[in-house]
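Engineer: Sharing a structure below in structure tokens format, with a few things to ask.
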Amino acid sequence: MNQSPEAPLPADPPNQTRRWWLALLFALFAIMAGILFLQRDDGLQQAVEVQGGHYYEFDSNSVLSRIVVQLINRRSTRLHWIHFFDGGVDDGWLIEHADEINDRPNLLLTLRDPAISDAGLAPLAGADVFMYDLQGSSVTDASLNKLPPSLQYLNVARTNVTDAGVQQLVSVPTGLTIDGRQLTENSASTFTTRSFFNSLQILDATNESIEHLSQISVRHELVIQGSGVTSESLPAFKKMPKPQRLVLIDVSLADKELDELRTYFRGSQFELTNWSDFENQQRQTAKNSVRR
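Numbered by numbering that gives the first Met the number 0, the letters in the sequence shown go through residues 0 to 291 in order.
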């Protein structure tokens with residue numbers, strides 16, 4: 000007698016139910032993790048804004064992110080910028096939020112406040128910081144011994160950092176802002192050991208600063224600010240390696256002298272401006288590149 004083929008056995012109801020529950024729990028866990036992540040981000044953003052700062056998140060397609068890709072070899076181009084351009088932050092706030100800050104990748108930290116010192120930066124030594132803008136803060140040479148290895152841009156102009164501290168910056172960063180007091184014969188000679196800077200800004204520059212700059216190679220942008228730059232600096236200007244872009248801010252040069260420099264730096268983008276307009280332009284460029 001022929002027997003009909005056996006029908007497939009039904010799935011074990013307990014096992015099937017268990018699989019559904021596991022899938023549901025996994026989905027709920029993923030959702031909750033996402034919610035917690037968003038809440039964590041919102042918490043830090045709110046903490047920044049309560050202090051009068053700004054928290055920007057750069058879109059991966061923004062102009063600044065594309066520049067970062069050229070400077071650092073990373074797959075992720077999502078940037079997080081904690082921005083205290085006009086003060087409002089101190090050591091206590093940084094220490095309180097150090098864990099949250101350390102958890103962000105590709106950080107840009109603008110901490111322009113004299114209430115920021117070495118103590119406030121110490122807990123951030125292991126942070127993934129791409130940019131430190133510490134202009135006008137109270138940091139000293141000691142902080143330069145503990146810079147994050149990820150750092151590519153540093154601004155220590157108008158701080159308590161000395162030329163001796165600046166001499167420590169042999170290998171990092173590729174972008175640097177210092178002031179004329181920090182640019183001495185000793186620090187300039189240190190910079191000659193490196194091939195080039197991508198960006199170099201000298202604030203409160205003098206004629207002596209221009210003499211020192213003739214030893215330093217800047218590939219992309221050289222910014223010089225200071226009324227102490229006079230006609231006496233022209234011979235030193237004409238010894239400089241030519242950057243792609245030269246910006247002169249509030250310098251004491253007559254039109255004829257500026258025309259001489261335009262001729263010498265032919266082929267470079269040559270700009271003349273004042274400090275207020277320069278900073279406003281930088282802020283606007285940043286705002287145009289970010290997604291809140």
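Heads up, the beta-carbon is just placed ideally off N, CA and C, and yes, glycines get one too.
1. Buried or exposed: residue 116, going by 16 or more other Cβ atoms within 10 Å of its Cβ?
2. Looking only at its chain, what residues have a beta carbon closer than 6 Å to the beta carbon of residue 124, apart from the 5 residues adjacent to it on each side?
3. Can you tell me whether DSSP reads residue 215 as helix, strand or coil?
4. Restricting to Cα atoms, I'd like to know which of 151, 192, 157, 158 is closest to residue 166.
5. Should the segment 214-223 be regarded as contacting the segment 257-266, the criterion being three or more beta carbon pairs within less than 8 Å?
6. Taking the alpha carbon of residue 103 as the point to measure from, which residue in 86, 77, 200 has its own alpha carbon closest?
7. Can you tell me the Cα-Cα spacing of residue 51 and residue 233, whole angstroms?
8. Should residue 162 and residue 134 be called a contact, given that it needs their Cβ atoms to be closer than 8 Å?
9. Please report the distance separating the alpha-carbon of residue 148 from that of residue 253.
10. Rounded to whole angstroms, what is the Cα-Cα separation between residue 83 and residue 176?
11. Quick check on residue 84: does DSSP put it in helix, strand or coil?
12. In the DSSP assignment, what are the bridge partners of residue 135?
13. So who's on the other strand from residue 222, going by DSSP bridges?
14. Between residue 109 and residue 81, what straight-line distance do the alpha-carbon atoms span, to the nearest angstrom?
15. Straight-line CA distance for residue 230 to residue 251?
16. Leaving out five residues before and five after residue 274 in sequence, what residues of the same chain have Cβ atoms less than 8 Å from its Cβ?
17. Tell me whether the beta-carbon of residue 243 lies closer than 8 Å to the beta-carbon of residue 267.
18. Nearest CA to the CA of residue 43: which residue from 97, 211, 118?
Structural biologist: Taking the geometry as given:
1. Along the sequence shown, one-based indexing puts residue 116 at 117. Residue 116 is buried by the Cβ-count criterion.
2. Here residue 124 refers to the residue found at position 125 of the sequence shown. Closer than 6 Å at the Cβ level, and outside the excluded window around residue 124, lie 145.
3. Within the sequence shown, the letter at position 216 stands for residue 215. Note: residue 215 maps to coil in three-state DSSP.
4. Position 167 of the sequence shown, counting from 1, holds the residue named residue 166. Among 151, 192, 157, 158, the Cα nearest to that of residue 166 is on 192.
5. no
6. Locating residue 103 in the sequence shown gives position 104, where the first residue counts as 1. Ranking 86, 77, 200 by Cα distance to residue 103 puts 77 first.
7. Taking the sequence shown and counting its residues from 1, the one referred to as residue 51 is at position 52. Taking the sequence shown and counting its residues from 1, the one referred to as residue 233 is at position 234. Spanning the two alpha carbons is a distance of roughly 43 Å.
8. The count along the sequence shown starts at 1 and reaches residue 162 at position 163. The count along the sequence shown starts at 1 and reaches residue 134 at position 135. Not in contact: residue 162 and residue 134 (Cβ atoms no closer than 8 Å).
9. Looking up residue 148 in the sequence shown gives position 149. Looking up residue 253 in the sequence shown gives position 254. Whole-angstrom Cα-Cα distance: 43 Å.
10. Working through the sequence shown from its first residue, we reach residue 83 at position 84. Working through the sequence shown from its first residue, we reach residue 176 at position 177. For residue 83 and residue 176, the distance between alpha carbons rounds to 17 Å.
11. Position 85 of the sequence shown holds residue 84. Looking at residue 84 - three-state DSSP - the assignment turns out to be coil, as it is neither helix nor strand.
12. Taking the first residue of the sequence shown as 1, we reach residue 135 at position 136. DSSP, once it has assigned bridges, lists no residue as partnering residue 135.
13. Position 223 of the sequence shown, counted from the start, is the residue given in the question as residue 222. 200, 246, per the DSSP bridge assignment.
14. Residue 109 sits at position 110 when you count from the first residue of the sequence shown. Residue 81 sits at position 82 when you count from the first residue of the sequence shown. Taking the straight line from one Cα to the other gives about 6 Å.
15. Numbered from its first residue, the sequence shown carries residue 230 at position 231. Numbered from its first residue, the sequence shown carries residue 251 at position 252. Using only the alpha carbons, I get a separation of about 7 Å.
16. By one-based count along the sequence shown, residue 274 stands at place 275. Once the five neighbours on either side are set aside, the close Cβ partners of residue 274 are 224, 248, 249.
17. Taking the sequence shown and counting its residues from 1, the one referred to as residue 243 is at position 244. Taking the sequence shown and counting its residues from 1, the one referred to as residue 267 is at position 268. Yes.
18. In the sequence shown, the residue the question calls residue 43 occupies position 44. Checked all of 97, 211, 118; the closest Cα to residue 43 is 97.
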